[in-house]
Each structure stands twice: as C-alpha cells, then as structure tokens.
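Participant: Below is a structure I'd like to ask you about.
Residue numbers (this note's numbering): 251 to 410.
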C-alpha cells in the first residue's frame with residue numbers, strides 16, 4: 251500500500267546549505283556589533299576609573315578638612331608658614347603613591363591610608379584672616395587612564 255499524501259507534501263524545513271548560509275550572514279553582522287560593544291565596555295571602565303579617582307580625592311580632602319576644623323585656632327601673631335603644628339598630633343604625608351594619616355592620640359598610634367594613586371600632595375597657609383589661619387589642601391591622584399587634581403581651602407579651628 252502506498253501513501254500518496256506523503257508524496258504530494260511540499261518540502262517543509264531548511265537544507266544544510268541554507269542553514270550554513272544564514273549562519274554566515276549572522277556572523278558577518280555580529281563582527282561590527284561585537285567591536286562596538288567592546289568599545290562601549292572600555293569607555294565604561296575608563297569612566298568608572300575617573301569617577302573612583304574623584305571620589306577618593308573628595309574623601310581625602312574632606313577628612314583633612316574635618317581634622318583642620320577641630321584643630322586649635324591660630325592667632326594672627328603665630329607663625330603661619332607650617333600648618334603641621336595646628337594639626338598635631340595628626341600628620342599627613344605621602345608615602346610612595348599613598349597619602350597616609352598618622353593619629354598619635356589613639357593607643358596604639360594608628361596609621362591609615364586615606365588615598366592611593368597620589369602623585370602630588372601639599373598643605374599650605376596662604377592667609378590669616380579674622381585671627382584664623384586659612385589652610386589650602388592640594389591633592390593630585392593619577393592612574394594610567396588619567397588624573398584628577400582637587401584642592402580645598404579651610405579655616406583652621408572653624409567648624410565646617
């Protein structure tokens with residue numbers, strides 16, 4: 251017995267050649283898209299690194315400014331060339347590529363890294379006004395992707 255209805259049925263499905271041709275077209279379309287996604291991912295990583303540098307710089311400046319705000323005020327007759335005595339017993343210094351804060355008031359003395367990737371750090375006293383010294387904090391953080399410079403001026407002994 252023959253089954254005539256199977257012979258009259260049109261071909262349903264794809265041949266192997268048609269599938270391979272469709273895969274080749276899809277691959278050709280995906281190559282430029284993959285490059286675009288890779289570039290976008292690289293840009294996102296660079297933007298994140300720059301944002302992290304800004305956050306680190308702001309944290310370090312705010313921390314030093316808070317300490318300067320609770321330091322004893324300086325009279326206009328005092329020596330103003332060095333802000334170190336006002337921040338005593340706290341000290342800030344650059345060690346390699348890190349900004350280190352040393353707190354001698356805690357027992358035992360505590361040393362904390364408050365910023366990394368530091369390429370420049372400076373504390374200066376540009377002016378004394380109203381009997382209180384103005385301290386300028388300058389900080390530059392740098393990585394391979396770029397650098398961030400930030401500064402802040404605070405009145406020593408004046409609450410923020």
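Think of the CB as a built atom: it goes at the ideal place given N, C-alpha and C, for glycine as much as any other residue.
Spatial neighbours of residue 311 within its chain, please: CB distance less than 7 Å, with the 5 preceding and 5 following residues excluded, ordered by chain position.
Facilitator: As a first step, residue 311 must be located in the chain shown, where it is residue number 61. Answer for residue 311: 387, 389, 400 and 402, listed in chain order.
Participant: My output table needs one value for residue 382: the three-state DSSP class, helix, strand or coil.
Facilitator: In the chain shown, the residue the question calls residue 382 occupies position 132. Residue 382: strand per DSSP, three-state reduction.
Participant: Whole angstroms are fine: how far does the CA of residue 275 sit from the CA of residue 313?
Facilitator: Position 63 of the chain shown, counted from the first residue, corresponds to residue 313. Position 25 of the chain shown, counted from the first residue, corresponds to residue 275. Going by the C-alpha atoms only, they are around 58 Å apart.
Participant: Leaving out the 5 sequence neighbours to the left and right, which residues in its chain are closer than 6 Å to residue 351 when beta-carbon positions are compared?
Facilitator: In the chain shown, the residue the question calls residue 351 occupies position 101. Here the set comprises 342, 362 and 364.
Participant: Considering Cα atoms alone, identify which of 405, 395 and 406 is closest to residue 296.
Facilitator: Within the chain shown, residue 296 is the residue found at index 46, counting from 1. Nearest of 405, 395 and 406 to residue 296, Cα basis: 395.
Participant: Only counting runs of 4 or more residues, tell me where the alpha helix (DSSP H) segments fall wholly within the stretch 253-326, in order along the chain.
Facilitator: Those alpha helix (DSSP H) runs which fall completely within the stretch 253-326 and span 4+ residues are 254-257 and 266-319.
Participant: With C-beta atoms as the reference, is residue 366 less than 8 Å away from residue 392?
Facilitator: Position 116 of the chain shown holds residue 366. Position 142 of the chain shown holds residue 392. No, the Cβ-Cβ distance between residue 366 and residue 392 is not below 8 Å.
Participant: Put residue 354 into one of helix, strand or coil per three-state DSSP.
Facilitator: Within the chain shown, residue 354 is the residue found at index 104, counting from 1. In this structure, residue 354 counts as coil in the three-state DSSP scheme.
Participant: Can you round the beta-carbon distance between residue 344 and residue 309 to whole angstroms, since I take them to be within the 8 Å contact cut?
Facilitator: On the chain shown, residue 344 is found 94 positions in, with the first residue counted as 1. On the chain shown, residue 309 is found 59 positions in, with the first residue counted as 1. At roughly 16 Å, the Cβ-Cβ gap does not stay under 8 Å, so residue 344 and residue 309 are not in contact.
Participant: According to DSSP, is residue 359 helix, strand or coil?
Facilitator: Taking the first residue of the chain shown as 1, we reach residue 359 at position 109. Residue 359 falls in the coil class under three-state DSSP.
Participant: Let me know if residue 328 comes out buried or exposed under the rule of 16 or more other beta-carbons within 10 Å of its beta-carbon.
Facilitator: As a first step, residue 328 is located in the chain shown; it is residue number 78 there, counting from the start. Bear in mind that a pLDDT of 49 at residue 328, under 50, signals an unreliable position, so the model cannot answer this.
Participant: Would you please state the rounded distance, in angstroms, between the beta carbons of residue 408 and residue 319? I believe it to be under 8 Å.
Facilitator: Translated into the one-based positions of the chain shown, residue 408 becomes position 158. Translated into the one-based positions of the chain shown, residue 319 becomes position 69. Indeed, because the Cβ distance is near 6 Å, the residues count as touching under 8 Å.
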